[in-house]
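K.L.:
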Amino acid sequence: MGALGGNARLALDTLEMKSAPGIPTTLVHVMDIALLEELGGHEPGAYRADPHGVYIDFQRAIGACALDQYLAENPLSMSDRGYGPDAVHGATTGAERIVCDGMAIDSPEAVAEHLERFVFPDLVKRIEAADVDGADEVARLVEGERLLQERLGADILKIPYSGGFQSFPRMRYTQYGYVNYFMAFALYPELMERDFALQADLAVTRNATAARAIRSGELPRMIRLDHDMADSRGTLCDVRTLDAIWFPHFARAIAPLLDAGVRLIWHCDGDLMQMVPRLLECGLGGFQGFQYEDGMDYAAICRMTDRDGGPLLMWAGVSVTTTLPHGTAEDVARELAWLVDNGPDRGLFLGASSSVAPGTNRENVKALVEGLAHYREAGRPSTAARASAR
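In this note's numbering, the protein residues as written are 17 to 406.
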């Protein structure tokens, strides 16, 4: 990393769990094009002509201190009336028919057959062909992060995220659809475990390479792992099944990153409370997201520690499903204060809980931006003031 500006330095110090004067801002991904243009200081129509320039100007204007996901073109995928008529529908987004490698995925048996005929042989080939040294991949990863850091400028810290930094076993519902995948999950647990085991075998090599890239490129030592495994009712399958066939392979997959001193945090969608202690046992060091309305106990999680007894890194955000779309500016201010009052003394970022969809109340988004600026400058209230607020 080169010389960092004040906001980026605030982010890096916070990632490293150092005492910092303010609370850094991250993950304010607004998908309302008109609002991106307005807050970024551009005329209407500028975004479609230059999505990357307008996106970065927006991030600078709102005082973003760090980004892991770079989502400059994401707002092009959805209008303020939702997905357009030309949108491509996938297995979990309304596809009428799911076909993989010429096979119709119309039953749990089809899922099992496709795994055995196509997925497992492909994974075995990729494992056998994996470059243990990984010098070319290390160079590619470092260069990709360098170019993005250069594009963002010195005041926004680029944190590794995609493009080779996200390797661990995943459920395949986006490939096969929820219904047939989870029926197969229940009927063929031995196949599911084989899938997770093979994915982990490949991930071990890929994560060792990612760890070398982070070290050699002097990149921030943090990665946010992102895979939805819960809805508002809880985990997508019985957590005891995950204990048996997923968590052991997940822990094995992420070990090279942990061994290299990379802090891993988990993106939370839905009610993940049952998974929280298990993720901490595997070595995770923090969380991001939080659907508070679904039962995620933010205050309780902030009081937890990692498996070595250390404090957790928390990327907290105002809710994009309740407060920002349906609340008031006062509600936004109250939620930010609540996140700070109940958050950790060190290692806290503030933003939005996920991407801010088109049509979200614009005054609430502006109130969020104002509140984030306040906490970047003022930091946390004094201990006495926080105790009084509680």
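Using N, Cα and C, we set each Cβ at its ideal position, and we do this for glycine too. Note that the coordinates shown come from a computational prediction; the quantities given were computed from them, not determined experimentally.
Could you tell me if Lys174 is buried or exposed, where buried requires 16 or more neighbouring beta carbons within 10 angstroms of its beta carbon?
P.N.:
In the sequence shown, residue 174 corresponds to position 158, counting from 1. Buried, by the Cβ-count rule.
K.L.:
Helix, strand or coil: which one does DSSP assign to Val46?
P.N.:
One-based indexing of the sequence shown puts residue 46 at position 30. DSSP places Val46 in strand when its eight states are reduced to three.
K.L.:
If Ala200 and Ala246 are in contact, beta carbons under 8 Å, what's the gap, nearest whole angstrom?
P.N.:
For the purposes of this step, residue 200 is taken as the residue at position 184 of the sequence shown. For the purposes of this step, residue 246 is taken as the residue at position 230 of the sequence shown. Contact flag wrong, Cβ pair sits at about 19 Å.
K.L.:
Please report the straight-line C-alpha distance between Ser248 and Met291, rounded to a whole angstrom.
P.N.:
Looking up residue 248 in the sequence shown gives position 232. Looking up residue 291 in the sequence shown gives position 275. When rounded, the distance between both Cα atoms is 14 Å.
K.L.:
Quick one: using the 10 Å Cβ neighbour count with 16 as the cut-off for buried, is Pro124 buried or exposed?
P.N.:
Position 108 of the sequence shown, counting from 1, holds the residue named residue 124. Pro124 should be labelled buried.
K.L.:
For the region 374 to 393 and the region 29 to 48, state whether three or more C-beta atom pairs, one from each stretch, are separated by less than 8 Å.
P.N.:
The region 374 to 393 vs the region 29 to 48: in contact.
K.L.:
Taking the C-alpha atoms as reference points, what is the distance between Arg402 and Glu351?
P.N.:
To locate residue 402, count along the sequence shown from 1; it is residue 386. To locate residue 351, count along the sequence shown from 1; it is residue 335. In this predicted model, Arg402 has a pLDDT of only 49, less than 50, meaning its place in the structure is not dependable; the value taken from the coordinates is given anyway. C-alpha separation (whole angstroms): 14 Å.
K.L.:
Of the choices Ile172, Arg237, Asp285 and Lys141, whose alpha-carbon is the least far from that of Gln215?
P.N.:
Along the sequence shown, read from residue 1 onward, the residue named residue 215 stands at position 199. Answer by Cα proximity: Lys141.
K.L.:
Does DSSP classify Ala107 as helix, strand or coil?
P.N.:
Residue numbering aside, residue 107 sits at position 91 when the sequence shown is read from its first letter. Coil.
K.L.:
So the candidates are Gly301, Thr108 and Ala111; which of them puts its Cα closest to the Cα of Leu364?
P.N.:
Residue numbering aside, residue 364 sits at position 348 when the sequence shown is read from its first letter. The residue with the shortest Cα to Cα distance from Leu364 is Gly301.
K.L.:
My assumption, with CB atoms under 8 Å, is that Phe181 sits in contact with Ala226. Please give the rounded CB distance.
P.N.:
Here the question's residue 181 lines up with position 165 in the sequence shown. Here the question's residue 226 lines up with position 210 in the sequence shown. At roughly 5 Å, the Cβ-Cβ gap stays under 8 Å, so Phe181 and Ala226 are in contact.
K.L.:
From Arg396 to Trp331, what does the alpha carbon distance come to, in whole angstroms?
P.N.:
The residue given as residue 396 occupies position 380 in the sequence shown. The residue given as residue 331 occupies position 315 in the sequence shown. C-alpha separation (whole angstroms): 15 Å.
K.L.:
Would a C-beta distance cut-off of 8 Å place Met320 and Leu288 closer than the cut-off?
P.N.:
One-based indexing of the sequence shown puts residue 320 at position 304. One-based indexing of the sequence shown puts residue 288 at position 272. No, the Cβ-Cβ distance between Met320 and Leu288 is not below 8 Å.
K.L.:
By DSSP, does Ile175 sit in helix, in strand, or in coil?
P.N.:
The count along the sequence shown starts at 1 and reaches residue 175 at position 159. Of the three classes helix, strand and coil, the one that applies to Ile175 here is coil, per DSSP.
K.L.:
Check for me: the alpha helix (DSSP H) holding Trp354 runs from which residue to which?
P.N.:
Here residue 354 is taken as the residue at index 338 of the sequence shown, counted from 1. Ala345 to Asn358 is the extent of the alpha helix (DSSP H) around Trp354.
K.L.:
Looking only at its chain, what residues have a beta carbon closer than 8 Å to the beta carbon of Glu132, apart from the 5 residues adjacent to it on each side?
P.N.:
Numbered from its first residue, the sequence shown carries residue 132 at position 116. Correct list, in chain order: Leu207.
K.L.:
For Tyr177 and Ala27, what's the separation of their Cα atoms in angstroms?
P.N.:
The count along the sequence shown starts at 1 and reaches residue 177 at position 161. The count along the sequence shown starts at 1 and reaches residue 27 at position 11. Rounded to the nearest angstrom, the two C-alpha atoms are 16 Å apart.
K.L.:
Enumerate, from N- to C-terminal direction, the unbroken alpha helix (DSSP H) stretches of 4 or more residues contained entirely within the region 203 to 241.
P.N.:
List check, alpha helix (DSSP H) in window: 205 to 232.
K.L.:
Here's the rule: buried if 16 or more other CB atoms are within 10 angstroms of the residue's CB, otherwise exposed. What is Thr370?
P.N.:
As a first step, residue 370 must be located in the sequence shown, where it is residue number 354. In the sequence under discussion, the amino acid at residue 370 is Ser, which differs from the Thr named in the question. That one is buried.
K.L.:
Could you say if the region 185 to 195 and the region 151 to 160 meet the contact criterion of at least three C-beta pairs nearer than 8 Å?
P.N.:
The region 185 to 195 vs the region 151 to 160: no contact.
K.L.:
Could you tell me which residues DSSP pairs with Met330 in its beta bridges?
P.N.:
Counting from 1 along the sequence shown, the entry for residue 330 is found at position 314. Answer by DSSP bridge pairing, in chain order: Phe303 and Leu364.
K.L.:
Within the same chain, show all residues whose beta-carbon is closer than 8 Å to that of Asn196, passing over the 5 residues directly before and after it, in chain order.
P.N.:
By one-based count along the sequence shown, residue 196 stands at place 180. Only Ile114, Ile121, Asp122, Ser123, Pro124, Ala126 and Val127 meet the Cβ criterion.
K.L.:
According to DSSP, is Asp247 helix, strand or coil?
P.N.:
By one-based count along the sequence shown, residue 247 stands at place 231. Correct three-state label for Asp247: strand.
K.L.:
Give the straight-line distance between the Cα atoms of Gln307 and Gly250, rounded to the nearest whole angstrom.
P.N.:
In the sequence shown, residue 307 corresponds to position 291, counting from 1. In the sequence shown, residue 250 corresponds to position 234, counting from 1. Approximately 11 Å between the Cα atoms of the pair.
K.L.:
Taking only three categories from DSSP, how would you classify Thr280?
P.N.:
Residue 280 sits at position 264 when you count from the first residue of the sequence shown. The displayed chain sequence assigns Leu, not Thr, to residue 280. Leu280: strand per DSSP, three-state reduction.
K.L.:
Name the residue from Asp324, Arg323 and Leu328 whose alpha carbon lies nearest to the alpha carbon of Ala315.
P.N.:
By 1-based counting over the sequence shown, the position of residue 315 is 299. Of the candidates Asp324, Arg323 and Leu328, the one whose C-alpha sits nearest the C-alpha of Ala315 is Leu328.
K.L.:
Apart from the five residues just before and just after Thr108, which ones in its own chain have a Cβ nearer than 7 Å to its Cβ?
P.N.:
As a first step, residue 108 must be located in the sequence shown, where it is residue number 92. So the list reads Tyr189, Thr190, Gly193 and Tyr194, once near-sequence residues are dropped.
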